[in-house]
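Some notes on the structure that comes next.
In full-length UniProt numbering, the protein residues as written are 1 to 505.
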């Protein structure tokens with residue numbers, strides 16, 4: 001690049017090392033921490049908030065607390081719609097950055113809240129931010145990650161959820177509910193700093209803006225200096241051409257879009273139908289009525305540690321075992337754990353009580369099995385597949401739809417916890433969740449394909465995309481020719497793509 005200034009990528013801090021590339025998915029995934037801390041917050045702070053004003057609470061009724069616990073799901077539904085608009089206009093990265101102030105404002109309203117309605121508004125506003133981030137982060141991670149490690153990097157998202165829950169469970173021991181709300185800000189602050197200083201725009205976003213030279217540089221950085229990215233760049237340009245011609249309603253009727261859309265919505269609904277949010281939001285209450293002999297906060301913290309452990313194990317095995325096999329192995333354990341919880345509460349529900357000894361440990365043992373199995377399988381794999389099942393040209397449309405239905409089902413299953421418990425009892429509630437998971441396990445056996453080691457384009461081809469796009473194979477020039485044609489110095493582009501003479505800021 002003699003006689004010219006070195007090219008600078010202004011919106012990223014890139015380091016030509018593997019650690020720098022790992023920061024890209026990590027920056028996106030840390031936003032999901034906000035989801036985890038919101039889940040764990042109500043479980044830890046709920047009993048304090050429901051206490052009388054004299055004791056430092058707001059004297060909430062059970063009905064009010066049920067709405068407070070689940071209202072962030074309604075905000076997240078709106079956030080998924082906002083994410084769809086943002087991803088299309090400013091890209092996934094800036095969409096996530098724009099959501100951070102909403103989360104800060106929502107948490108501040110909870111911390112300073114002097115009434116029930118102020119807390120409701122704050123939690124709903126924080127939910128909007130969570131909806132934006134959980135919609136924008138999976139496709140971002142799926143695109144920046146190489147296919148052979150995409151599964152492992154994709155587990156950053158499900159790992160952040162239980163880690164956020166664990167933070168709230170452990171801090172709930174010592175902090176009053178207003179100070180506990182302030183702690184919720186810290187994970188989101190880390191997320192914002194990483195996005196601003198340690199992440200880059202997606203190559204597909206740069207291509208859509210006509211910045212082919214910069215897209216080639218970023219893609220080469222993400223894949224490594226010795227990786228040939230010409231074929232992938234050509235695919236990105238084809239995808240951009242498809243985006244420009246795409247009509248949303250027509251695209252949603254295409255088999256390669258409709259099939260994975262239905263399957264991912266099914267997985268996300270099964271995730272919530274396992275009762276995960278209902279259990280996490282009310283875990284202290286569950287332990288309080290179970291009579292295990294351990295303190296509720298200690299039991300909740302133990303389950304939080306197990307959740308993180310399950311997510312870590314999944315991350316280690318996902319690209320070895322495969323997504324489908326992990327689902328098929330983990331879900332039977334979820335079914336058994338929920339059935340055992342139902343059995344315990346069935347025995348405990350009568351006036352006769354339960355025998356002393358091991359039976360009193362059944363709820364804790366069952367919840368430990370439930371949480372480690374859930375985070376090992378359904379709770380993690382569903383988020384990975386949400387990022388994998390859609391090709392980049394349709395992800396801006398399909399992912400927000402999935403996210404909307406995820407949050408809708410999340411709200412339904414969170415809100416019905418207390419009404420369902422009152423209708424069928426504790427035992428019946430857990431048995432209902434167990435039965436739904438059994439049906440879902442059968443559907444997964446029949447319908448869900450394996451995606452381990454496949455590129456996003458190969459996954460789309462599995463659902464029939466190749467049959468509709470054969471005409472796109474003709475009359476295409478190579479990426480390098482196009483980039484050179486659009487710039488005066490073709491040699492500069494080749495040097496940039498090879499990772500040489502390049503300054504990363």
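Even for Gly, the Cβ is constructed at its ideal location relative to N, Cα and C.
(message) Between which residues of its own chain and residue 256 is the CB-CB distance below 6 Å, once the five residues before and five after are set aside?
(response) Here residue 256 refers to the residue found at position 256 of the chain shown. Correct list, in chain order: 460, 463, 464, 465.
(request) Decide if the region 398 to 417 is in contact with the region 297 to 313; the criterion is three or more beta carbon pairs, one per stretch, under 8 Å apart. (result) no
(request) Run the CB neighbour count on residue 492, radius 10 Å, all protein chains shown included, and call it buried at 16 or more, exposed below. (result) Position 492 of the chain shown, counted from the start, is the residue given in the question as residue 492. Note on residue 492: pLDDT 43, under 50, position unreliable in the model; the coordinate value appears next. Residue 492 is buried by the Cβ-count criterion.
(message) So, for residue 498: in the same chain, excluding its five sequence neighbours on each side, which residues have a beta-carbon less than 6 Å away from its beta-carbon?
(response) In the chain shown, residue 498 corresponds to position 498, counting from 1. Note on residue 498: pLDDT 43, under 50, position unreliable in the model; no value is reported.
(message) Can you look up residue 457 in the DSSP assignment and give me helix, strand or coil?
(response) Residue mapping note: residue 457 aligns to position 457 of the chain shown, counting from 1. Helix at residue 457.
(request) Would you kindly work out how many angstroms separate the C-alpha atoms of residue 81 and residue 141, rounded to a whole number? (result) The residue labelled residue 81 in the question sits at position 81 within the chain shown. The residue labelled residue 141 in the question sits at position 141 within the chain shown. Taking the straight line from one Cα to the other gives about 20 Å.
(request) Within its chain, find whatever has a CB closer than 7 Å to the CB of residue 125; leave out the 5 residues flanking it on each side and keep chain order. (result) Position 125 of the chain shown, counted from the first residue, corresponds to residue 125. Once the five neighbours on either side are set aside, the close Cβ partners of residue 125 are 75, 102, 105, 106, 109.
(request) Can you grab the Cα-Cα spacing for the pair residue 337 / residue 163, in whole Å? (result) Here residue 337 refers to the residue found at position 337 of the chain shown. Here residue 163 refers to the residue found at position 163 of the chain shown. So the alpha carbons of these two residues sit roughly 21 Å apart.
(message) Please report the straight-line C-alpha distance between residue 177 and residue 185, rounded to a whole angstrom.
(response) Against the chain shown, residue 177 aligns to sequence position 177. Against the chain shown, residue 185 aligns to sequence position 185. C-alpha separation (whole angstroms): 14 Å.
(request) Under 8 Å by Cβ, that's how I've got residue 200 and residue 218 pegged, so tell me the actual separation to the nearest angstrom. (result) As a first step, residue 200 is located in the chain shown; it is residue number 200 there, counting from the start. As a first step, residue 218 is located in the chain shown; it is residue number 218 there, counting from the start. The pair is a contact, with the Cβ atoms about 5 Å apart (cut-off 8 Å).
(message) Between which residues of its own chain and residue 303 is the CB-CB distance below 6 Å, once the five residues before and five after are set aside?
(response) Taking the first residue of the chain shown as 1, we reach residue 303 at position 303. Excluding sequence neighbours, residue 303 sits near 367, 371.
(message) I'd like to know if the region 114 to 128 and the region 165 to 176 are in contact, where contact means that at least 3 CB-CB pairs between them fall below 8 Å.
(response) No: the two stretches stay apart, fewer than three of their Cβ pairs being nearer than 8 Å.
(request) Please report how far the alpha carbon of residue 7 lies from the alpha carbon of residue 393, in whole angstroms. (result) Position 7 of the chain shown holds residue 7. Position 393 of the chain shown holds residue 393. With a pLDDT of only 43 at residue 7, under 50, the local geometry of the prediction cannot be trusted, and the value read off the model is given with reservation. If I take the Cα positions, the gap works out to 28 Å.
(request) With DSSP as the reference, label residue 390 as helix, strand or coil. (result) The sequence position of residue 390 within the chain shown is 390, counting from 1. Three-state DSSP puts residue 390 in coil, outside helix and strand.
(request) Please look up how many angstroms separate the CB atoms of residue 363 and residue 344, rounded, as I've assumed it's under 8 Å. (result) As a position in the chain shown, residue 363 is number 363, starting the count at 1. As a position in the chain shown, residue 344 is number 344, starting the count at 1. With a Cβ gap of about 5 Å, residue 363 and residue 344 count as contacting.
(message) With H, G and I counted as helix, E and B as strand and the rest as coil, what does DSSP make of residue 452?
(response) Numbered from 1 along the chain shown, position 452 holds the residue referred to as residue 452. In the structure shown, residue 452 sits in coil (DSSP, three-state: anything other than H, G, I, E or B).
(request) With DSSP collapsed to three states, give me the class of residue 159. (result) By one-based count along the chain shown, residue 159 stands at place 159. In this structure, residue 159 counts as helix in the three-state DSSP scheme.
(request) Drop a sphere of 10 angstroms on the beta-carbon of residue 308, count the other beta-carbons inside from all chains shown, and report buried for 16 or more, exposed for fewer. (result) Numbered from 1 along the chain shown, position 308 holds the residue referred to as residue 308. Residue 308 is buried by the Cβ-count criterion.
(message) Rounded to the nearest angstrom, what separates residue 399 and residue 416 at their Cα positions?
(response) Walking along the chain shown from the start, residue 399 turns up at place 399. Walking along the chain shown from the start, residue 416 turns up at place 416. Those two C-alpha atoms are separated by around 26 Å.
(message) Just to confirm the assignment, what range does the alpha helix (DSSP H) spanning residue 88 have?
(response) Residue 88 sits at position 88 when you count from the first residue of the chain shown. Looking at the DSSP string, the run of the alpha helix (DSSP H) that includes residue 88 is 62 to 89.
(request) Taking 7 Å as the cut-off, decide whether the C-beta atoms of residue 135 and residue 434 are in contact. (result) As a working note, residue 135 is residue 135 in the chain shown. As a working note, residue 434 is residue 434 in the chain shown. The answer is no: Cβ separation not under 7 Å.
(message) Would the region 320 to 332 count as touching the region 373 to 387 if we require 3 or more Cβ pairs under 8 Å?
(response) yes
(message) For a test of the three-state rule: what should DSSP assign to residue 184, helix, strand or coil?
(response) As a first step, residue 184 must be located in the chain shown, where it is residue number 184. If DSSP states are grouped into helix, strand and coil, residue 184 belongs with coil.
(request) Helix, strand or coil for residue 228, going by three-state DSSP, please let me know. (result) Translated into the one-based positions of the chain shown, residue 228 becomes position 228. Of the three classes helix, strand and coil, the one that applies to residue 228 here is coil, per DSSP.
(message) Looking at residue 408: is its Cβ nearer than 7 Å to the Cβ of residue 77?
(response) Taking the first residue of the chain shown as position 1, residue 408 is located at position 408. Taking the first residue of the chain shown as position 1, residue 77 is located at position 77. Against a cut-off of 7 Å, the Cβ pair of residue 77 and residue 408 comes out as a contact.
(request) Measure from the alpha carbon of residue 388 to the alpha carbon of each residue in 273, 446, 322, then state which is nearest. (result) Position 388 of the chain shown, counted from the first residue, corresponds to residue 388. It is 322.
(message) Among 72, 61, 383, 235, whose alpha-carbon lies nearest the alpha-carbon of residue 458?
(response) Counting from 1 along the chain shown, the entry for residue 458 is found at position 458. Ranking 72, 61, 383, 235 by Cα distance to residue 458 puts 235 first.
(request) Decide if residue 191 is buried, meaning its Cβ has at least 16 other Cβ atoms within 10 Å, or exposed. (result) The residue labelled residue 191 in the question sits at position 191 within the chain shown. Buried, since its Cβ has 16 or more Cβ neighbours within 10 Å.
(request) Give the secondary structure of residue 115 by DSSP, where H, G and I count as helix, E and B as strand, and everything else as coil. (result) Sequence index remark: in the chain shown, residue 115 carries index 115 (1-based). It is coil, neither helix nor strand.
(request) Out of 428, 50, 314, state which residue places its alpha-carbon closest to the alpha-carbon of residue 59. (result) Position 59 of the chain shown holds residue 59. Comparing Cα positions, the closest option is 50.
(request) Determine the DSSP secondary structure at residue 59, reduced to helix, strand or coil. (result) Against the chain shown, residue 59 aligns to sequence position 59. Reduced to three states, the DSSP call for residue 59 is coil.
(message) Is it buried or exposed, residue 85, if we count other Cβ atoms within 10 angstroms and call 16 or more buried?
(response) Looking up residue 85 in the chain shown gives position 85. Residue 85 is exposed by the Cβ-count criterion.
(request) With a threshold of 16 other CB atoms inside 10 Å of the CB of residue 295, please say whether the residue is buried or exposed. (result) Here residue 295 is taken as the residue at index 295 of the chain shown, counted from 1. Exposed.
(request) Tell me, to the nearest whole angstrom, how far the beta carbon of residue 35 is from that of residue 161; I am working on the premise that it is less than 8 Å. (result) Residue 35 sits at position 35 when you count from the first residue of the chain shown. Residue 161 sits at position 161 when you count from the first residue of the chain shown. Right, their Cβ atoms sit about 6 Å apart.
(request) Pick out whichever of 62, 30, 29 has its Cα sitting closest to the Cα of residue 422. (result) The residue you call residue 422 lines up with position 422 of the chain shown. Selected option, being the one with the closest Cα: 62.
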